[in-house]
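Read through the structure below, which is laid out as structure tokens, and then see the notes.
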Amino acid sequence: MLRIFQLIFLLGSLHVQLNGVGAFDGPHIRLLDGDNECSGRVEVLRHNQWGTVCDHGWDLREADVVCLDLGCGLAESALHGAAYGQGSGEIWLRHVQCSGHEASLMRCATVLHSDPHCTHLNDAGVKCSGTLLMPSLSLLSPHAVFVAGEAVRFSCTVLLGHHLSDFHLYKQGVSTPLVTQRVDQSQTRVELTLTDLETFHQGSYSCVYRIRGSSPSQLLASPPSNSINITVVELLTPQHWYNTSTEAPVGSVIKGQGFNITCVTKQQYPGASFQLRLSRSNGTVRQSLPALTPAVTFTFSSAQSSNEGYYYCLYRVQLGGRTFISRESQPLPIAVRDPDPVLSPMVISWLVSGLTFVVALIIIIIVAKVLCQREEKPSELERETRTCVDNTYVALSINKI
Ligand SMILES: *[C@@H]1O[C@H](CO)[C@@H](O)[C@H](O)[C@H]1NC(C)=O
Ligand SMILES: *[C@@H]1O[C@H](CO)[C@@H](O)[C@H](O)[C@H]1NC(C)=O
Ligand SMILES: *[C@@H]1O[C@H](CO)[C@@H](O)[C@H](O)[C@H]1NC(C)=O
Ligand SMILES: *[C@@H]1O[C@H](CO)[C@@H](O)[C@H](O)[C@H]1NC(C)=O
1 MLRIFQLIFL LGSLHVQLNG VGAFDGPHIR LLDGDNECSG RVEVLRHNQW GTVCDHGWDL
61 READVVCLDL GCGLAESALH GAAYGQGSGE IWLRHVQCSG HEASLMRCAT VLHSDPHCTH
121 LNDAGVKCSG TLLMPSLSLL SPHAVFVAGE AVRFSCTVLL GHHLSDFHLY KQGVSTPLVT
181 QRVDQSQTRV ELTLTDLETF HQGSYSCVYR IRGSSPSQLL ASPPSNSINI TVVELLTPQH
241 WYNTSTEAPV GSVIKGQGFN ITCVTKQQYP GASFQLRLSR SNGTVRQSLP ALTPAVTFTF
301 SSAQSSNEGY YYCLYRVQLG GRTFISRESQ PLPIAVRDPD PVLSPMVISW LVSGLTFVVA
361 LIIIIIVAKV LCQREEKPSE LERETRTCVD NTYVALSINK I
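Residue numbers for the sequence shown follow the numbering used here, beginning at 1 and rising by one.
In structure tokens, the structure reads:
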């Protein structure tokens, strides 16, 4: 009769388990009467009955297996002699020996021939580190925007730490840590420095610490810290060109005519600007335009001698409270020339009409002289000359009209 009741009770508890965590994955180990959920007397479930573990051969390796199994970090101590009070029922494990890497205490070897005399006065207990706390990452550098080649300094801190092994700095999307720093067992804060930044270092960072278990290779990583974003600016040297009227010789513009200087970059940042610097014999002139597009044109409507000199383009970015300025482009020399009188179309038309006039005049004089000489008579020399002069005068008048 009692057996039947027991069976019903057992079936009942099995039913609860089936409805609860799951019959096969259900808890098979628990800690009782401790200071918190991660310390206490170790109890294991076997044949649906909770029983205790004898403290023979009980040390940190076994305790680590229990703590890890329960999600309680690693063991801080393995306690003997019913330190958390005596249990009741069966003593299920009498001399258990783990390597420290087993998934559960049930998977550890038991020493068969030790035949220890175990009572509940020998009940084993553990004190685990508890769930590892999340570390906190902060930026030691005074800003979060960097230019390629600089270094960024972080600090990673954990509030409480025992058996600390090392700290890692991770970049989101990269599985291996970028910086690793070993520490003393109780050093709870480290500085993590990432040097020689490149553009691919731009992104989101977090840190993780690890604690060491009793077996040297037993390491447990904490959850990742908060994340911090950093920006890495790479300023490329801008390029430039200039445009002016086609008749101006290379490297020069003609006084009074317009010219344009265009600065261009391959890498754009928001809020950037182009600066155009003119270096003249008597000083420097600067002007700037917002770099809303990769190429920006500075327009000069009428070239003057004050526009003559060497032009340089710069790219300037203001980000995260810092100002970055690229290197200057190669110098662009521009000479301002007076309009060339020989080549000027207006001068040419003046010259052509002037020359036509002179040639016509000479022809008329020659023709007039030839006519005069034919009609010449020695006796009437004086009168005829006057006539010729009159003829020439008439011819000249006709030409003028
Ligand atoms: C970091 O940048 C990512 C996108 O790159 C963004 O989603 C996230 O909110 C940023 N985090 C912080 C703390 O600024
Ligand atoms: C301006 O000059 C550049 C380089 O000399 C040339 O490629 C471009 O076609 C010119 N643009 C105009 C509008 O003349
Ligand atoms: C300079 O640019 C302006 C517009 O930005 C344009 O109207 C002008 O034709 C350009 N001048 C030359 C010489 O290319
Ligand atoms: C430099 O010379 C130019 C003319 O060549 C003149 O317009 C300008 O005012 C001068 N600048 C200074 C700072 O003297």
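Don't be surprised by glycine CBs; every beta carbon is placed ideally from N, CA and C.
On a predicted model such as this, the values are computed, not experimentally measured, just so you know.
Nearest to residue i by alpha carbon, out of the options?
i	options	result
phenylalanine 154	Thr356, Glu191 and Arg210	Glu191
tyrosine 209	Met134, His47, Gly271 and Gln267	Met134
histidine 117	Gly100, Gly81, Ser129 and Glu102	Gly81
serine 301	Thr265, Gln257 and Ser39	Gln257
arginine 322	His143, Cys38, Leu74 and Ser129	His143
leucine 220	Ile228, Glu76 and Leu361	Glu76
leucine 178	Thr119, Tyr205, Thr157 and Leu164	Tyr205
threonine 265	Thr199, Val296, Lys369 and Gly213	Val296
arginine 212	Gly57, Gly161 and Gly89	Gly161
serine 222	Thr188, Thr193 and Asn243	Thr188
tyrosine 242	Ser306, Thr110 and Ala335	Ala335
leucine 139	Glu198, Leu79 and Val152	Val152
glutamine 185	Val158, Leu197, Glu198 and Thr176	Val158
glutamine 267	Leu194, Arg107, Pro294 and Leu74	Pro294
glycine 87	Asp55, Leu351, His47 and Phe357	Asp55
glutamine 218	Ile366, Gly73, Ala109 and Gln49	Gly73
cysteine 128	Pro331, Leu31, Thr193 and Val111	Leu31
proline 249	Thr110, Glu102 and Pro333	Pro333
glycine 51	Gly89, Ser175 and Ala303	Gly89
arginine 229	Cys108, Ser141, Arg46 and Leu164	A small correction: the amino acid at residue 229 is asparagine; arginine does not occupy that position in the sequence shown. Nearest option by C-alpha distance: Ser141.
In chain order, what residues of the same chain have a beta carbon less than 7 Å from the beta carbon of residue i, not counting five sequence neighbours either side?
i	result
proline 290	Ser273
aspartate 338	Lys255
arginine 327	Thr237
aspartate 33	Gly40, Arg41, Tyr84 and Gly85
threonine 180	Asp166 and His168
glutamate 198	Ala148 and Val232
Taking 8 Å as the limit between beta carbons, can you name the residues of its chain near residue i, skipping five residues before and five after?
i	result
leucine 105	Ile29, Val42, Val44, Val53, Glu62, Val65, Val66, Asp69, Leu93, Val96 and Cys98
glycine 22	Annotation note: pLDDT 35 at glycine 22 (below 50); position unreliable, coordinate value reported separately. Taken in chain order, the list of residues that qualify is empty.
serine 288	Ser273, Phe274, Gln275, Leu276 and Arg316
serine 329	Thr237, Pro238, Gln239, His240, Cys263, Tyr312, Cys313 and Leu314
serine 227	Leu137, Gln172, Ser204, Tyr205 and Ser206
serine 225	Met134, Pro135, Ser136, Leu137, Cys156, Ser206, Cys207 and Val208
aspartate 59	Ala78 and Ser214
glycine 71	Thr131
threonine 119	Ile91
proline 331	Ser279, Tyr310, Tyr311 and Tyr312
glutamate 404	Since the displayed the chain opens at 1 and closes at 401, residue 404 lies outside it and no answer follows.
leucine 164	Val158, Val183, Asp184, Gln185, Ser186, Gln187, Thr188, Tyr209, Arg210, Ile211 and Arg212
What whole-angstrom Cβ distance do residue i and residue j have, given they're in contact under 8 Å?
i	j	result
leucine 278	threonine 284	7 Å
isoleucine 261	phenylalanine 298	5 Å
leucine 137	cysteine 156	5 Å
glycine 100	cysteine 38	Going by Cβ atoms, the distance from glycine 100 to cysteine 38 rounds to 18 Å, so no, they are not a contact pair.
Using C-beta distances below 6 Å, list every residue in its chain close to residue i, excluding the 5 sequence neighbours before and after it, in chain order.
i	result
arginine 182	Asp166
asparagine 449	A query on residue 449 cannot be resolved here, the shown segment of the chain reaching from 1 to 401 and no further.
histidine 201	Val232
glycine 309	Leu278, Ser279 and Arg280
threonine 244	Val253 and Phe259
leucine 319	Val145
leucine 361	none
tyrosine 269	Val317
leucine 112	none
glutamine 373	none
threonine 176	none
Please name the residue or residues paired with residue i in a DSSP beta bridge.
i	result
alanine 221	Arg210
histidine 168	Thr180 and Val208
threonine 262	Trp241 and Thr297
arginine 327	Beta-bridge pairing links arginine 327 to no other residue.
lysine 127	Ser39 and Ser77
proline 290	Ser273
threonine 110	Val96
arginine 316	Ser273 and Ile325
alanine 335	Ser252
glycine 309	Ile334
glycine 149	Paired residue(s): none; glycine 149 is not in a bridge.
aspartate 33	Gly40
glycine 51	Val44
serine 279	Thr284 and Tyr310
glycine 203	Ile230
Query raised in the report: Is there contact between the region 151–171 and the region 117–124, where contact requires at least three CB pairs shorter than 8 Å?
Result: no
Query - Segment contact, 8 Å Cβ cut-off, at least three pairs: the region 218–235 with the region 141–153 - result: Contact between the region 218–235 and the region 141–153 is present, because at least three Cβ pairs lie under 8 Å.
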